[in-house]
Ligand SMILES: [Zn+2]
Ligand SMILES: [Zn+2]
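Numbering (this note's numbering), first residue to last: 10 to 371.
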């Protein structure tokens with residue numbers, strides 16, 4: 010079938026809306042008509058910094074309605090409303106253990122731009138276009154995805170508000186709910202309240218954590234963090250950020266989250282954690298960093314990595330929907346929607362930080 014997709018052809022070139030041919034689904038695949046898709050920084054970095062192969066269609070926070078299913082798909086029906094998440098193999102130890110974001114095939118299935126066999130379902134006049142980014146390439150009117158990308162949801166779920174549950178939102182919320190697992194009396198300091206950090210803040214509040222500190226350079230974002238329940242907000246440019254976090258948390262935060270992927274910020278986050286506390290890293294960017302080993306050992310601190318929220322999307326995304334339905338997770342407050350045709354404006358606003366979470370609507 011013919012579809013319209015936003016094609017990335019180079020770092021400097023804008024996304025261009027083009028007509029492409031989409032293959033029929035293989036036995037374990039599903040075709041989804043996309044109604045909304047979030048814009049994640051990974052989409053923009055993939056286009057501008059390290060595309061696996063050009064041209065490519067990115068987009069990996071899709072939401073929509075199932076339009077066709079492969080012969081072996083028995084638990085998803087045509088007409089089902091779905092949120093799309095990352096892809097995973099389903100058969101390695103991590104997938105079988107319920108932590109598919111650590112799938113041994115994760116890189117191939119999500120960031121290569123192709124399927125596991127490096128084929129692509131998309132082409133233009135016979136020219137291959139990479140079309141399986143995160144198993145979905147959903148900056149498009151239709152996406153061909155694997156069954157494992159699909160989370161079926163009720164028809165009354167707001168697909169615009171929840172489009173980003175499949176990546177950016179579960180990355181932040183899962184770092185709190187699945188990795189930190191805080192008690193209400195714990196404190197959490199969040200460094201960088203973009204889409205991921207704000208999702209972490211919302212999850213902390215949904216879990217009843219009373220003391221949540223937000224650190225950011227943007228006064229607007231800090232104001233929003235305050236509205237969404239941060240108890241203390243701190244200007245990241247201040248000289249005494251660590252002392253301010255310690256003052257706000259009675260000597261140090263039980264947990265800190267870094268979303269910035271900047272070594273100077275990570276160093277401050279580690280200092281701001283209380284003895285026996287844990288710093289969780291979710292931002293990819295810096296290749297390495299030096300830790301003061303004595304500071305870690307002498308204070309019993311831990312540093313942990315976490316990707317895509319460390320949970321099982323088939324369980325955690327319904328949890329996020331439940332919180333949202335109950336009014337405990339007002340994600341729509343950080344979402345701004347754009348018509349699909351205005352994808353370049355949405356990308357620009359994501360890069361400048363003017364919009365915390367852009368979502369394209371069709
Ligand atoms: Zn796997
Ligand atoms: Zn993402």
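All C-beta atoms in this analysis are idealised placements derived from N, C-alpha and C, irrespective of residue type, glycine included.
Point to revise | Where the beta strand (DSSP E) through residue 355 begins and ends | key: As a first step, residue 355 is located in the chain shown; it is residue number 346 there, counting from the start. Where residue 355 is concerned, there is no enclosing beta strand (DSSP E), although the alpha helix (DSSP H) it sits in stretches over 352-361.
Could you check whether residue 175 and residue 83 sit closer than 8 Å to each other, using their CB atoms as the reference points?
Numbered from its first residue, the chain shown carries residue 83 at position 74. Numbered from its first residue, the chain shown carries residue 175 at position 166. Result no, Cβ atoms of residue 83 and residue 175 do not sit closer than 8 Å.
- Message: Quick check: does the Cβ of residue 219 come within less than 7 Å of any heavy atom belonging to ligand 1?
- Response: Taking the chain shown and counting its residues from 1, the one referred to as residue 219 is at position 210. Flag unset: Cβ of residue 219 not near ligand 1.
**Helix, strand or coil at residue 365 according to DSSP, with G and I counted as helix** = Position 356 of the chain shown holds residue 365. Coil, per DSSP.
inquiry  = Quick check on the burial criterion: 16 or more other C-beta atoms within 10 angstroms. Buried or exposed for residue 365?
reply    = To locate residue 365, count along the chain shown from 1; it is residue 356. The residue is buried, with at least 16 neighbouring Cβ atoms inside 10 Å.
inquiry  = Using C-beta distances below 6 Å, list every residue in its chain close to residue 188, excluding the 5 sequence neighbours before and after it, in chain order.
reply    = As a first step, residue 188 must be located in the chain shown, where it is residue number 179. If we look at residue 188 and ignore the five residues flanking it on each side, its Cβ neighbours are 289, 315, 319.
Taking 8 Å as the cut-off, decide whether the C-beta atoms of residue 139 and residue 61 are in contact. Mapped onto the chain shown, residue 139 falls at position 130. Mapped onto the chain shown, residue 61 falls at position 52. Contact: yes.
Do the CB positions of residue 70 and residue 40 come within less than 8 Å of each other? The residue you call residue 70 lines up with position 61 of the chain shown. The residue you call residue 40 lines up with position 31 of the chain shown. Their beta carbons are not under 8 Å apart, which means residue 70 does not touch residue 40 by this criterion.
Please confirm whether residue 182 and residue 46 have their CB atoms less than 8 Å apart.
-> In the chain shown, the residue the question calls residue 182 occupies position 173. In the chain shown, the residue the question calls residue 46 occupies position 37. No, Cβ-Cβ distance for residue 182 and residue 46 is not below 8 Å.
Going residue by residue through the stretch 62-149, where are the continuous beta strand (DSSP E) segments of at least 3 residues, counting only ones entirely within it? Runs of the beta strand (DSSP E) spanning 3 or more residues and lying entirely within the stretch 62-149 occur at 71-78, 90-93, 131-133, 136-138, in chain order.
Residue 176 beta carbon near ligand 1 (any heavy atom closer than 7 Å)
Position 167 of the chain shown, counted from the first residue, corresponds to residue 176. No.
- Message: Between residue 222 and residue 254, how many whole angstroms is the CB-CB distance? I'm expecting something under 8 Å.
- Response: By one-based count along the chain shown, residue 222 stands at place 213. By one-based count along the chain shown, residue 254 stands at place 245. Contact flag correct, Cβ pair sits at about 6 Å.
Please tell me whether, using a cut-off of 7 Å, the distance from the CB of residue 320 to the nearest non-hydrogen atom of ligand 1 is below it. For this step, residue 320 is matched to residue 311 along the chain shown. Residue 320: no, Cβ never under 7 Å from ligand 1.
For ligand 2, I want to know if residue 51 counts as a neighbour, meaning its beta carbon is within less than 7 Å of at least one of the ligand's heavy atoms. Mapped onto the chain shown, residue 51 falls at position 42. A heavy atom of ligand 2 is found nearer than 7 Å to the CB of residue 51.
Beta-carbon proximity list for residue 166, same chain, < 7 Å, skipping 5 on both sides: Counting from one through the chain shown, the residue named residue 166 turns up at place 157. The residues are 90, 330.
### Contact check, residue 278 vs residue 267, beta carbons under 8 Å
If you number the chain shown from 1, residue 278 lands on position 269. If you number the chain shown from 1, residue 267 lands on position 258. Taking 8 Å as the cut-off, the Cβ atoms of residue 278 and residue 267 count as close.
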